[in-house]
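Residue numbers (full-length UniProt numbering): 1 to 377.
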(Lines of atoms letter the chains of each structure in order from A; the text may use other names.)
(Lines give C-alpha, C1' and ligand atoms only; values in the text may rest on other atoms or scores of the structure.)
Protein backbone atom coordinates (compact mmCIF):
# COMPACT_ATOMS: atom_id res chain seq x y z
CA UNK A 1 0.00 0.00 0.00
CA UNK A 2 1.41 3.40 -0.97
CA UNK A 3 1.11 6.44 1.27
CA UNK A 4 1.06 10.21 0.78
CA UNK A 5 3.16 12.52 2.92
CA UNK A 6 1.28 15.54 4.22
CA UNK A 7 3.81 18.32 4.83
CA UNK A 8 2.66 21.24 6.96
CA UNK A 9 5.57 23.42 5.84
CA UNK A 10 4.66 23.20 2.15
CA UNK A 11 1.09 24.22 2.93
CA UNK A 12 2.35 27.19 4.92
CA UNK A 13 4.56 28.27 2.05
CA UNK A 14 1.64 28.16 -0.40
CA UNK A 15 -0.56 30.21 1.87
CA UNK A 16 2.10 32.85 2.32
CA UNK A 17 2.66 33.04 -1.42
CA UNK A 18 -1.05 33.53 -2.05
CA UNK A 19 -1.58 36.20 0.57
CA UNK A 20 1.49 38.30 -0.32
CA UNK A 21 0.58 41.52 -2.20
CA UNK A 22 1.42 41.65 -5.87
CA UNK A 23 2.13 45.37 -5.91
CA UNK A 24 5.89 45.02 -6.23
CA UNK A 25 7.25 42.03 -8.14
CA UNK A 26 10.81 42.38 -6.86
CA UNK A 27 9.75 42.51 -3.20
CA UNK A 28 7.49 39.49 -3.69
CA UNK A 29 10.28 37.49 -5.35
CA UNK A 30 12.64 38.45 -2.55
CA UNK A 31 10.18 37.28 0.09
CA UNK A 32 9.47 34.02 -1.72
CA UNK A 33 13.20 33.42 -2.15
CA UNK A 34 13.72 33.81 1.59
CA UNK A 35 10.87 31.42 2.31
CA UNK A 36 12.16 28.81 -0.12
CA UNK A 37 15.58 28.95 1.50
CA UNK A 38 14.29 28.53 5.05
CA UNK A 39 11.46 26.04 4.40
CA UNK A 40 12.33 22.69 2.83
CA UNK A 41 10.39 21.69 -0.26
CA UNK A 42 9.81 18.10 0.83
CA UNK A 43 10.14 16.29 4.17
CA UNK A 44 13.26 14.29 4.79
CA UNK A 45 11.89 10.84 3.95
CA UNK A 46 13.78 7.68 3.08
CA UNK A 47 12.10 5.25 0.65
CA UNK A 48 13.03 1.62 1.25
CA UNK A 49 11.61 -0.26 -1.74
CA UNK A 50 10.94 -3.83 -0.76
CA UNK A 51 9.21 -4.24 -4.11
CA UNK A 52 7.92 -1.75 -6.70
CA UNK A 53 4.27 -2.30 -5.78
CA UNK A 54 4.49 -1.89 -1.99
CA UNK A 55 7.04 0.80 -1.05
CA UNK A 56 8.04 1.32 2.56
CA UNK A 57 8.28 4.94 3.73
CA UNK A 58 10.48 5.93 6.65
CA UNK A 59 10.13 9.48 8.01
CA UNK A 60 12.84 11.05 10.11
CA UNK A 61 12.19 12.25 13.63
CA UNK A 62 12.75 15.87 12.59
CA UNK A 63 9.60 15.99 10.47
CA UNK A 64 6.27 16.57 12.22
CA UNK A 65 4.09 15.00 9.52
CA UNK A 66 1.30 12.42 9.32
CA UNK A 67 1.10 9.68 6.70
CA UNK A 68 -2.19 9.56 4.78
CA UNK A 69 -3.00 6.44 2.79
CA UNK A 70 -5.27 5.85 -0.20
CA UNK A 71 -9.05 5.52 0.29
CA UNK A 72 -10.35 2.28 1.69
CA UNK A 73 -12.24 0.28 -0.99
CA UNK A 74 -15.27 -0.21 1.28
CA UNK A 75 -15.50 2.82 3.58
CA UNK A 76 -13.87 5.33 1.15
CA UNK A 77 -11.96 6.81 4.10
CA UNK A 78 -8.24 7.51 3.96
CA UNK A 79 -6.28 5.85 6.80
CA UNK A 80 -4.00 8.16 8.76
CA UNK A 81 -0.83 7.09 10.55
CA UNK A 82 -0.20 9.89 13.02
CA UNK A 83 3.24 11.07 13.97
CA UNK A 84 4.52 9.77 17.30
CA UNK A 85 6.87 12.35 18.74
CA UNK A 86 10.17 11.36 20.28
CA UNK A 87 9.47 13.12 23.59
CA UNK A 88 5.70 12.78 23.65
CA UNK A 89 3.87 14.26 26.62
CA UNK A 90 0.94 12.58 28.32
CA UNK A 91 -1.51 15.08 26.81
CA UNK A 92 -0.13 14.54 23.30
CA UNK A 93 -0.34 10.78 23.75
CA UNK A 94 -3.97 10.98 24.89
CA UNK A 95 -4.83 13.21 21.93
CA UNK A 96 -3.22 10.81 19.46
CA UNK A 97 -4.96 7.76 20.97
CA UNK A 98 -8.35 9.48 20.95
CA UNK A 99 -7.88 10.51 17.32
CA UNK A 100 -7.04 6.92 16.40
CA UNK A 101 -10.10 5.70 18.31
CA UNK A 102 -12.36 8.14 16.45
CA UNK A 103 -10.82 7.03 13.15
CA UNK A 104 -11.52 3.35 13.93
CA UNK A 105 -15.11 4.19 14.87
CA UNK A 106 -15.63 6.05 11.57
CA UNK A 107 -14.03 3.19 9.64
CA UNK A 108 -16.31 0.62 11.25
CA UNK A 109 -19.50 2.64 10.72
CA UNK A 110 -18.93 3.47 7.05
CA UNK A 111 -17.71 -0.04 6.24
CA UNK A 112 -20.93 -1.56 7.58
CA UNK A 113 -23.09 1.18 6.05
CA UNK A 114 -21.53 0.95 2.57
CA UNK A 115 -21.65 -2.86 2.64
CA UNK A 116 -25.36 -2.68 3.39
CA UNK A 117 -25.87 -0.11 0.63
CA UNK A 118 -24.05 -2.21 -1.99
CA UNK A 119 -25.93 -5.37 -1.02
CA UNK A 120 -29.36 -3.70 -1.17
CA UNK A 121 -28.51 -2.06 -4.48
CA UNK A 122 -27.53 -5.40 -6.02
CA UNK A 123 -30.72 -7.00 -4.76
CA UNK A 124 -32.78 -4.16 -6.23
CA UNK A 125 -31.08 -4.49 -9.63
CA UNK A 126 -31.55 -8.27 -9.72
CA UNK A 127 -35.18 -8.01 -8.67
CA UNK A 128 -35.90 -5.33 -11.27
CA UNK A 129 -34.23 -7.31 -14.06
CA UNK A 130 -36.15 -10.44 -13.10
CA UNK A 131 -39.49 -8.61 -13.09
CA UNK A 132 -39.03 -7.07 -16.56
CA UNK A 133 -37.15 -10.06 -18.05
CA UNK A 134 -34.49 -7.81 -19.55
CA UNK A 135 -30.75 -7.90 -19.16
CA UNK A 136 -29.94 -4.22 -19.46
CA UNK A 137 -28.52 -1.45 -17.32
CA UNK A 138 -31.13 0.38 -15.29
CA UNK A 139 -31.65 4.05 -16.04
CA UNK A 140 -31.12 6.88 -13.58
CA UNK A 141 -34.87 7.31 -13.09
CA UNK A 142 -35.24 3.64 -12.21
CA UNK A 143 -32.33 3.73 -9.77
CA UNK A 144 -33.67 6.90 -8.16
CA UNK A 145 -36.47 4.80 -6.64
CA UNK A 146 -33.89 2.73 -4.76
CA UNK A 147 -31.87 5.77 -3.66
CA UNK A 148 -34.95 7.53 -2.30
CA UNK A 149 -36.12 4.41 -0.46
CA UNK A 150 -32.66 3.86 1.01
CA UNK A 151 -32.46 7.44 2.28
CA UNK A 152 -35.97 7.28 3.74
CA UNK A 153 -35.14 4.05 5.57
CA UNK A 154 -31.77 5.19 6.93
CA UNK A 155 -32.18 8.91 7.66
CA UNK A 156 -32.40 8.21 11.39
CA UNK A 157 -29.12 6.28 11.22
CA UNK A 158 -27.44 9.20 9.46
CA UNK A 159 -28.81 11.64 12.02
CA UNK A 160 -27.63 9.42 14.87
CA UNK A 161 -24.19 9.21 13.26
CA UNK A 162 -23.91 13.01 13.12
CA UNK A 163 -24.87 13.28 16.77
CA UNK A 164 -22.56 10.45 17.86
CA UNK A 165 -19.67 11.90 15.86
CA UNK A 166 -20.15 15.26 17.57
CA UNK A 167 -20.23 13.54 20.96
CA UNK A 168 -17.11 11.50 20.13
CA UNK A 169 -15.25 14.61 18.99
CA UNK A 170 -16.27 16.86 21.88
CA UNK A 171 -15.75 14.18 24.53
CA UNK A 172 -12.54 13.01 22.87
CA UNK A 173 -9.92 15.03 21.00
CA UNK A 174 -11.51 18.46 21.45
CA UNK A 175 -11.98 18.07 25.21
CA UNK A 176 -8.26 17.80 26.03
CA UNK A 177 -7.00 20.60 23.81
CA UNK A 178 -5.56 23.44 25.94
CA UNK A 179 -7.42 26.76 26.15
CA UNK A 180 -5.00 28.93 24.16
CA UNK A 181 -4.42 26.74 21.10
CA UNK A 182 -5.42 27.26 17.47
CA UNK A 183 -7.26 23.89 17.49
CA UNK A 184 -9.84 25.27 19.91
CA UNK A 185 -11.56 27.31 17.22
CA UNK A 186 -14.33 29.80 17.89
CA UNK A 187 -15.66 30.09 21.43
CA UNK A 188 -19.45 30.26 21.72
CA UNK A 189 -20.47 33.47 23.47
CA UNK A 190 -23.63 34.80 21.79
CA UNK A 191 -26.67 32.92 20.48
CA UNK A 192 -29.70 33.83 18.39
CA UNK A 193 -33.16 32.33 18.25
CA UNK A 194 -36.18 33.19 16.11
CA UNK A 195 -39.63 33.73 17.62
CA UNK A 196 -43.03 34.28 15.97
CA UNK A 197 -43.75 37.85 14.90
CA UNK A 198 -46.73 38.04 17.27
CA UNK A 199 -44.76 36.99 20.37
CA UNK A 200 -45.13 39.32 23.36
CA UNK A 201 -43.94 39.46 26.98
CA UNK A 202 -40.62 37.80 26.13
CA UNK A 203 -38.56 36.74 29.16
CA UNK A 204 -35.23 34.93 29.38
CA UNK A 205 -33.94 33.25 32.54
CA UNK A 206 -30.93 31.11 33.36
CA UNK A 207 -29.89 29.24 36.50
CA UNK A 208 -29.22 32.44 38.44
CA UNK A 209 -32.17 34.55 37.29
CA UNK A 210 -33.00 37.08 34.64
CA UNK A 211 -30.35 37.40 31.93
CA UNK A 212 -29.72 41.07 31.16
CA UNK A 213 -27.33 40.30 28.27
CA UNK A 214 -30.14 39.94 25.75
CA UNK A 215 -31.60 42.08 22.99
CA UNK A 216 -34.71 41.84 20.81
CA UNK A 217 -34.77 42.74 17.11
CA UNK A 218 -38.17 43.06 15.42
CA UNK A 219 -38.40 42.00 11.78
CA UNK A 220 -41.41 41.87 9.47
CA UNK A 221 -42.05 38.12 9.71
CA UNK A 222 -40.26 37.12 12.91
CA UNK A 223 -38.48 38.33 16.03
CA UNK A 224 -34.78 37.75 16.69
CA UNK A 225 -33.72 37.23 20.29
CA UNK A 226 -29.98 37.52 20.89
CA UNK A 227 -28.52 36.62 24.25
CA UNK A 228 -25.16 35.82 25.77
CA UNK A 229 -24.21 33.24 28.35
CA UNK A 230 -22.79 34.47 31.64
CA UNK A 231 -19.51 32.74 30.79
CA UNK A 232 -17.97 31.66 27.45
CA UNK A 233 -18.92 28.13 26.40
CA UNK A 234 -15.63 26.35 25.69
CA UNK A 235 -15.56 22.86 24.15
CA UNK A 236 -18.13 20.72 26.04
CA UNK A 237 -19.28 23.33 28.59
CA UNK A 238 -23.03 23.65 29.05
CA UNK A 239 -25.56 26.24 30.12
CA UNK A 240 -29.30 26.19 30.78
CA UNK A 241 -31.89 28.87 30.17
CA UNK A 242 -35.68 29.25 30.18
CA UNK A 243 -37.42 31.25 27.45
CA UNK A 244 -41.00 32.45 27.99
CA UNK A 245 -43.26 34.35 25.61
CA UNK A 246 -46.96 34.68 24.79
CA UNK A 247 -48.69 34.34 21.43
CA UNK A 248 -52.30 35.28 20.54
CA UNK A 249 -54.92 32.57 20.44
CA UNK A 250 -56.52 33.50 17.12
CA UNK A 251 -53.46 32.36 15.13
CA UNK A 252 -53.62 28.76 16.38
CA UNK A 253 -57.15 28.04 17.67
CA UNK A 254 -60.34 27.57 15.62
CA UNK A 255 -63.89 27.10 16.95
CA UNK A 256 -66.96 25.55 15.33
CA UNK A 257 -69.87 25.36 17.76
CA UNK A 258 -68.64 23.52 20.83
CA UNK A 259 -65.64 21.96 19.03
CA UNK A 260 -62.20 23.56 19.25
CA UNK A 261 -59.25 22.81 16.96
CA UNK A 262 -55.69 23.63 18.01
CA UNK A 263 -52.82 23.55 15.49
CA UNK A 264 -49.31 24.49 16.61
CA UNK A 265 -45.70 23.48 16.29
CA UNK A 266 -44.37 20.92 18.69
CA UNK A 267 -41.27 23.10 19.10
CA UNK A 268 -40.34 26.53 17.78
CA UNK A 269 -36.97 27.46 16.36
CA UNK A 270 -34.20 26.95 18.92
CA UNK A 271 -30.99 28.12 17.22
CA UNK A 272 -28.93 27.54 14.11
CA UNK A 273 -26.73 24.46 13.74
CA UNK A 274 -28.38 22.69 16.65
CA UNK A 275 -29.81 19.22 17.21
CA UNK A 276 -32.53 18.72 19.82
CA UNK A 277 -31.40 15.67 21.75
CA UNK A 278 -34.52 15.20 23.90
CA UNK A 279 -37.84 17.02 23.55
CA UNK A 280 -40.81 16.95 25.92
CA UNK A 281 -43.89 19.05 25.11
CA UNK A 282 -46.93 19.29 27.40
CA UNK A 283 -50.24 20.81 26.19
CA UNK A 284 -52.65 21.78 28.97
CA UNK A 285 -56.28 21.88 27.82
CA UNK A 286 -59.11 23.65 29.72
CA UNK A 287 -60.65 21.88 32.66
CA UNK A 288 -63.40 19.31 31.93
CA UNK A 289 -62.32 19.11 28.27
CA UNK A 290 -62.84 15.95 26.24
CA UNK A 291 -60.20 15.10 23.65
CA UNK A 292 -61.74 14.04 20.34
CA UNK A 293 -58.65 13.37 18.22
CA UNK A 294 -54.91 14.00 18.26
CA UNK A 295 -52.80 14.01 15.08
CA UNK A 296 -49.04 13.86 15.54
CA UNK A 297 -46.21 13.82 12.96
CA UNK A 298 -44.05 10.76 12.45
CA UNK A 299 -41.04 12.33 14.20
CA UNK A 300 -42.98 12.74 17.47
CA UNK A 301 -44.17 10.07 19.90
CA UNK A 302 -47.31 10.61 21.96
CA UNK A 303 -47.06 9.60 25.60
CA UNK A 304 -49.83 8.70 28.03
CA UNK A 305 -52.17 11.57 28.87
CA UNK A 306 -51.84 13.20 32.28
CA UNK A 307 -53.89 15.33 34.67
CA UNK A 308 -52.39 18.62 35.80
CA UNK A 309 -53.47 20.93 38.62
CA UNK A 310 -52.93 24.67 38.93
CA UNK A 311 -54.07 27.32 41.38
CA UNK A 312 -57.31 27.96 39.48
CA UNK A 313 -58.07 24.52 38.04
CA UNK A 314 -57.97 20.86 38.99
CA UNK A 315 -57.38 17.79 36.81
CA UNK A 316 -56.74 19.62 33.55
CA UNK A 317 -56.26 17.19 30.62
CA UNK A 318 -52.61 17.24 29.56
CA UNK A 319 -51.26 15.77 26.31
CA UNK A 320 -47.57 14.87 26.31
CA UNK A 321 -45.29 14.58 23.27
CA UNK A 322 -41.66 13.46 23.12
CA UNK A 323 -39.03 13.28 20.40
CA UNK A 324 -35.32 12.58 20.07
CA UNK A 325 -32.56 13.90 17.79
CA UNK A 326 -34.55 16.51 15.88
CA UNK A 327 -32.51 18.62 13.43
CA UNK A 328 -32.83 22.39 13.29
CA UNK A 329 -34.95 22.41 10.12
CA UNK A 330 -37.55 19.95 11.50
CA UNK A 331 -40.53 21.77 13.05
CA UNK A 332 -43.36 19.19 13.27
CA UNK A 333 -46.92 20.33 13.89
CA UNK A 334 -49.66 18.69 15.95
CA UNK A 335 -53.44 18.96 15.53
CA UNK A 336 -55.79 18.52 18.51
CA UNK A 337 -59.59 18.54 18.41
CA UNK A 338 -61.44 18.78 21.73
CA UNK A 339 -64.71 19.92 23.28
CA UNK A 340 -65.13 21.95 26.46
CA UNK A 341 -68.27 23.12 28.31
CA UNK A 342 -68.91 26.84 28.66
CA UNK A 343 -69.32 26.50 32.42
CA UNK A 344 -65.60 25.86 32.61
CA UNK A 345 -64.92 29.49 31.71
CA UNK A 346 -66.54 30.66 34.97
CA UNK A 347 -64.81 28.17 37.25
CA UNK A 348 -61.61 30.23 37.71
CA UNK A 349 -63.75 33.21 38.79
CA UNK A 350 -65.60 31.01 41.28
CA UNK A 351 -62.31 29.66 42.61
CA UNK A 352 -60.97 33.19 43.16
CA UNK A 353 -64.19 34.19 44.93
CA UNK A 354 -63.99 31.10 47.12
CA UNK A 355 -60.36 31.81 48.05
CA UNK A 356 -61.18 35.41 49.04
CA UNK A 357 -64.24 34.29 51.01
CA UNK A 358 -62.27 31.67 52.93
CA UNK A 359 -59.55 34.21 53.72
CA UNK A 360 -62.14 36.76 54.95
CA UNK A 361 -63.92 34.22 57.15
CA UNK A 362 -60.61 33.08 58.61
CA UNK A 363 -59.72 36.66 59.58
CA UNK A 364 -63.16 37.21 61.16
CA UNK A 365 -62.97 33.95 63.09
CA UNK A 366 -59.47 34.74 64.30
CA UNK A 367 -60.52 38.15 65.62
CA UNK A 368 -63.92 37.08 67.00
CA UNK A 369 -62.97 33.88 68.79
CA UNK A 370 -59.95 35.11 70.73
CA UNK A 371 -58.74 32.25 72.93
CA UNK A 372 -56.09 34.22 74.86
CA UNK A 373 -56.60 34.50 78.65
CA UNK A 374 -56.78 38.13 79.79
CA UNK A 375 -57.40 39.94 83.05
CA UNK A 376 -61.01 41.23 83.10
CA UNK A 377 -59.88 44.43 84.90
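Where a beta carbon is used, it is the ideal one built from N, C-alpha and C, also for glycine.
Just confirm the distance between the C-beta atoms of residue 240 and residue 207, as a whole number of angstroms; I'd bet it's less than 8 Å. Taking the chain shown and counting its residues from 1, one reaches residue 240 at position 240. Taking the chain shown and counting its residues from 1, one reaches residue 207 at position 207. 6 Å between Cβ atoms; contact.
Helix, strand or coil, according to DSSP, for residue 114 in the structure here? In the chain shown, residue 114 corresponds to position 114, counting from 1. In this structure, residue 114 counts as helix in the three-state DSSP scheme.
Are the Cβ atoms of residue 67 and residue 81 separated by less than 7 Å? Position 67 of the chain shown, counted from the first residue, corresponds to residue 67. Position 81 of the chain shown, counted from the first residue, corresponds to residue 81. Their beta carbons are under 7 Å apart, which means residue 67 touches residue 81 by this criterion.
In whole angstroms, what is the alpha-carbon distance linking residue 290 and residue 339? Here residue 290 corresponds to residue number 290 of the chain shown, with the count starting at 1. Here residue 339 corresponds to residue number 339 of the chain shown, with the count starting at 1. Straight through space, the alpha carbons of residue 339 and residue 290 are spaced by roughly 5 Å.
To the nearest whole angstrom, what separates the beta carbons of residue 337 and residue 259, a pair I think is in contact under 8 Å? To locate residue 337, count along the chain shown from 1; it is residue 337. To locate residue 259, count along the chain shown from 1; it is residue 259. Contact holds; Cβ gap of about 6 Å.
Is residue 323 closer than 7 Å to residue 262 when the C-beta atoms are compared? In the chain shown, residue 262 corresponds to position 262, counting from 1. In the chain shown, residue 323 corresponds to position 323, counting from 1. Cβ distance not < 7 Å, so residue 262 and residue 323 don't count as in contact.
Using only alpha-carbon positions, find the residue among 325, 320 and 309 that is nearest to residue 335. For the purposes of this step, residue 335 is taken as residue 335 along the chain shown, with counting starting at 1. Ranked by Cα distance from residue 335, the options 325, 320 and 309 are led by 320.
Looking at C-alpha atoms only, which residue of 295, 314 and 302 is the closest neighbour of residue 378? Limits of the chain in this structure are 1 at one end and 377 at the other, which puts residue 378 out of reach.
From which residue to which residue does the beta strand (DSSP E) around residue 229 run? Here residue 229 refers to the residue found at position 229 when the chain shown is read from its first residue. Where residue 229 is concerned, the enclosing beta strand (DSSP E) stretches over 222-233.
So, for residue 362: in the same chain, excluding its five sequence neighbours on each side, which residues have a beta-carbon less than 6 Å away from its beta-carbon? In the chain shown, counting from the first residue as 1, residue 362 sits at position 362. Nothing meets the Cβ criterion.
Inter-residue spacing [alpha-carbon to alpha-carbon] between residue 270 and residue 194: The residue given as residue 270 occupies position 270 in the chain shown. The residue given as residue 194 occupies position 194 in the chain shown. Answer to the nearest angstrom: the Cα atoms are 7 Å apart.
Below 8 Å CB to CB, which residues in the same chain sit around residue 220 once its five sequence neighbours on both sides are set aside? As a working note, residue 220 is residue 220 in the chain shown. For residue 220, the CB contacts under 8 Å within the same chain, skipping 5 residues up- and downstream, are 197 in chain order.
In the structure shown, what three-state DSSP assignment does residue 348 receive? Residue numbering aside, residue 348 sits at position 348 when the chain shown is read from its first letter. If DSSP states are grouped into helix, strand and coil, residue 348 belongs with the helices.
Are the beta-carbon atoms belonging to residue 299 and residue 327 less than 7 Å from one another? By 1-based counting over the chain shown, the position of residue 299 is 299. By 1-based counting over the chain shown, the position of residue 327 is 327. Taking C-beta atoms as the reference points, residue 299 and residue 327 fail to come closer than 7 Å.
Tell me residue 278's beta-bridge partners as DSSP assigns them. The residue you call residue 278 lines up with position 278 of the chain shown. Looking at the DSSP assignment, residue 278 forms a beta bridge with 324.
Could you tell me the alpha carbon to alpha carbon distance between residue 303 and residue 294, rounded to whole angstroms? Taking the first residue of the chain shown as 1, we reach residue 303 at position 303. Taking the first residue of the chain shown as 1, we reach residue 294 at position 294. Roughly 12 Å between the two C-alpha positions.
Mapping the DSSP letters down to three states, classify residue 208 as helix, strand or coil. Position 208 of the chain shown, counted from the start, is the residue given in the question as residue 208. Residue 208 falls in the coil class under three-state DSSP.
Please classify residue 140 as buried or exposed, where buried requires at least 16 other C-beta atoms within 10 Å of its C-beta. As a first step, residue 140 must be located in the chain shown, where it is residue number 140. So residue 140 counts as exposed.
Residues of its chain near residue 107, where Cβ-Cβ distance is below 8 Å and the 5 sequence neighbours each way are ignored: Taking the chain shown and counting its residues from 1, one reaches residue 107 at position 107. For residue 107, where only same-chain residues beyond five positions count, the Cβ hits under 8 Å are 72, 75, 77 and 79.
Whole-Å CB distance - residue 275 paired with residue 325, under 8 Å assumed: In the chain shown, counting from the first residue as 1, residue 275 sits at position 275. In the chain shown, counting from the first residue as 1, residue 325 sits at position 325. Cβ atoms of residue 275 and residue 325 come within 8 Å of each other, at about 6 Å.
Straight-line gap, residue 88 to residue 102 (C-alpha atoms, nearest Å): The residue labelled residue 88 in the question sits at position 88 within the chain shown. The residue labelled residue 102 in the question sits at position 102 within the chain shown. Straight-line Cα distance between these residues: approximately 20 Å.
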